[in-house]
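What follows is a set of notes on a single structure, which appears directly below.
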Amino acid sequence: MADSPEFGKVVVFGVGLIGGSFALALKAAGEVGEVVGFGRSLGTLTQALDLGLIDRVGANPGQEVADADLVLIATPVGQMAEIMERIAPYLGPDTVVTDGGSTKSDVVAAARAAFGDKIAQFVPAHPIAGAENSGAAAARADLFRERKVVLTPLPENPVLNVARVRSAWEWCGAQIFELTPAEHDQVFAAVSHLPHLLSFALVHDLAVRDNRELFFTFAASGFRDFTRIAASHPEMWRDIALANREALLLELDRYQVQLAEMRAALAAGDGERLEEIFDTARTARRAWAEGNK
256 MADSPEFGKV
266 VVFGVGLIGG
276 SFALALKAAG
286 EVGEVVGFGR
296 SLGTLTQALD
306 LGLIDRVGAN
316 PGQEVADADL
326 VLIATPVGQM
336 AEIMERIAPY
346 LGPDTVVTDG
356 GSTKSDVVAA
366 ARAAFGDKIA
376 QFVPAHPIAG
386 AENSGAAAAR
396 ADLFRERKVV
406 LTPLPENPVL
416 NVARVRSAWE
426 WCGAQIFELT
436 PAEHDQVFAA
446 VSHLPHLLSF
456 ALVHDLAVRD
466 NRELFFTFAA
476 SGFRDFTRIA
486 ASHPEMWRDI
496 ALANREALLL
506 ELDRYQVQLA
516 EMRAALAAGD
526 GERLEEIFDT
536 ARTARRAWAE
546 GNK
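Just add 255 to wherever you are in the sequence shown, counting from 1, and you've got our numbering.
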């Protein structure tokens with residue numbers, strides 16, 4: 256007879272790609288007794304129920320979180336503050352809350368405002384696992400396998416609460432790392448949020464030109480590779496860009512300095528400098544790719 260699951264009841268707000276895959280992974284591991292789902296549309300929740308992501312649709316958030324072992328807020332970051340405010344008064348004393356937001360300083364600030372003296376029960380996290388498609392239908396049990404999840408524990412978090420969130424993600428097959436919220440936002444502004452901004456900018460620039468069809472007709476693999484992430488969810492990336500705007504603005508300024516240097520080399524016909532920049536970039540990119548095979 257198998258041991259009882261580590262998590263008797265898990266409540267998920269936002270049963271799309273991240274929340275749904277989290278639930279599926281815990282179910283596949285046999286480490287959750289019941290998953291209760293909340294979302295913005297009954298259609299999505301019904302689909303999540305039909306797909307086996309959740310066991311039932313929640314009706315009363317306060318009632319459901321009162322006896323939950325773990326709560327995952329997997330909505331876009333712009334919706335998290337409202338959810339936190341709704342559930343804060345009803346949190347059971349042993350309930351641990353975590354999130355799946357791509358930014359952390361703003362989420363932590365929202366959590367402090369909402370949870371107050373219950374802030375020790377909130378352990379921030381960021382699963383780094385995207386996919387081309389979103390929504391409940393895109394969820395899969397192996398989404399987080401061998402993928403990184405960054406925890407950004409708070410000074411108030413008891414070791415046990417951090418360990419419970421770590422354990423949940425480990426059951427999903429993830430590799431766990433820890434950063435401070437500020438470190439997290441600085442790193443991801445550079446390697447995630449800025450690339451999305453640049454990709455959206457390039458496609459937008461072409462899309463608003465009168466002769467855009469001419470450009471898109473001849474766009475090939477280089478364009479496809481560089482702009483793949485411009486197919487990402489506009490609302491979600493609006494929220495991420497605004498939530499992390501201070502760190503993102505700093506990275507954008509650094510990038511503009513780099514562009515200015517390349518423009519100056521190009522204007523001066525300085526092929527040697529251009530090649531130096533290209534070579535440094537290629538070497539770093541290849542080393543990164545080798546390490547991420």
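Even glycine gets a Cβ: it sits at the ideal position worked out from N, Cα and C.
What number of angstroms, rounded off, separates the C-alpha of L503 from the C-alpha of V446?
Locating residue 503 in the sequence shown gives position 248, counting from the first residue. Locating residue 446 in the sequence shown gives position 191, counting from the first residue. Taking the straight line joining both Cα atoms gives about 10 angstroms.
For A380, which of helix, strand or coil comes out of DSSP?
The count along the sequence shown starts at 1 and reaches residue 380 at position 125. It is a strand residue.
When DSSP labels each residue in this structure, what does D305 get in the three-state scheme?
As a first step, residue 305 must be located in the sequence shown, where it is residue number 50. Reduced to three states, the DSSP call for D305 is helix.
Can you tell which of A456, G477, A284 and G263 has the C-alpha that lies nearest to the C-alpha of G428?
Within the sequence shown, numbered from 1, the residue matching residue 428 stands at position 173. Taking only the C-alpha atoms, the option nearest G428 is A284.
Where does W543 land, buried or exposed, given buried means 16+ other C-beta within 10 angstroms?
Position 288 of the sequence shown, counting from 1, holds the residue named residue 543. It counts as exposed.
Three-state secondary structure (DSSP) at G235?
This structure leaves residue 235 out entirely; the chain is present only between 256 and 548.
Report the rounded CA-to-CA distance for N416 versus E531, giving the unit in angstroms.
Stepping through the sequence shown from its first residue, residue 416 is reached at position 161. Stepping through the sequence shown from its first residue, residue 531 is reached at position 276. The straight-line gap separating the alpha-carbon atoms of N416 and E531 is approximately 48 angstroms.
Per the contact definition of three or more C-beta pairs closer than 8 angstroms, is the segment 262 to 270 in contact with the segment 366 to 378?
Between the segment 366 to 378 and the segment 262 to 270 there are fewer than three C-beta pairs closer than 8 angstroms, too few to call the two in contact.
Specify the secondary structure class of L327 as computed by DSSP and reduced to three states.
Numbered from its first residue, the sequence shown carries residue 327 at position 72. Reduced to three states, the DSSP call for L327 is strand.
Would you mind reading off the limits of the beta strand (DSSP E) that contains L406?
Within the sequence shown, numbered from 1, the residue matching residue 406 stands at position 151. Segment K403 to L406, the beta strand (DSSP E) holding L406.
In this structure, does DSSP put M256 in helix, strand or coil?
Taking the first residue of the sequence shown as 1, we reach residue 256 at position 1. In this predicted model, M256 has a pLDDT of only 37, less than 50, meaning its place in the structure is not dependable enough to derive any value.
When the distance is taken between beta carbons, is G269 closer than 8 angstroms to G294?
Against the sequence shown, residue 294 aligns to sequence position 39. Against the sequence shown, residue 269 aligns to sequence position 14. For G294 and G269, yes; Cβs fall inside 8 angstroms.
Identify, in the order they occur along the chain, each residue of the same chain with its Cβ nearer than 8 angstroms to the Cβ of A444, setting aside the five sequence neighbours on each side.
Start at 1 with the first residue of the sequence shown, and residue 444 comes out as number 189. For A444, where only same-chain residues beyond five positions count, the Cβ hits under 8 angstroms are N499, A502, L503, L505 and E506.
Who are the Cβ neighbours of A475 in its own chain at under 7 angstroms, not counting the five residues just before and after it?
In the sequence shown, counting from the first residue as 1, residue 475 sits at position 220. Within the same chain, A475 has no close Cβ partners at all.
Could you pull the start and end residues of the alpha helix (DSSP H) that T353 belongs to?
The count along the sequence shown starts at 1 and reaches residue 353 at position 98. Per DSSP, T353 belongs to no alpha helix (DSSP H); it is in the beta strand (DSSP E), V351 to D354.
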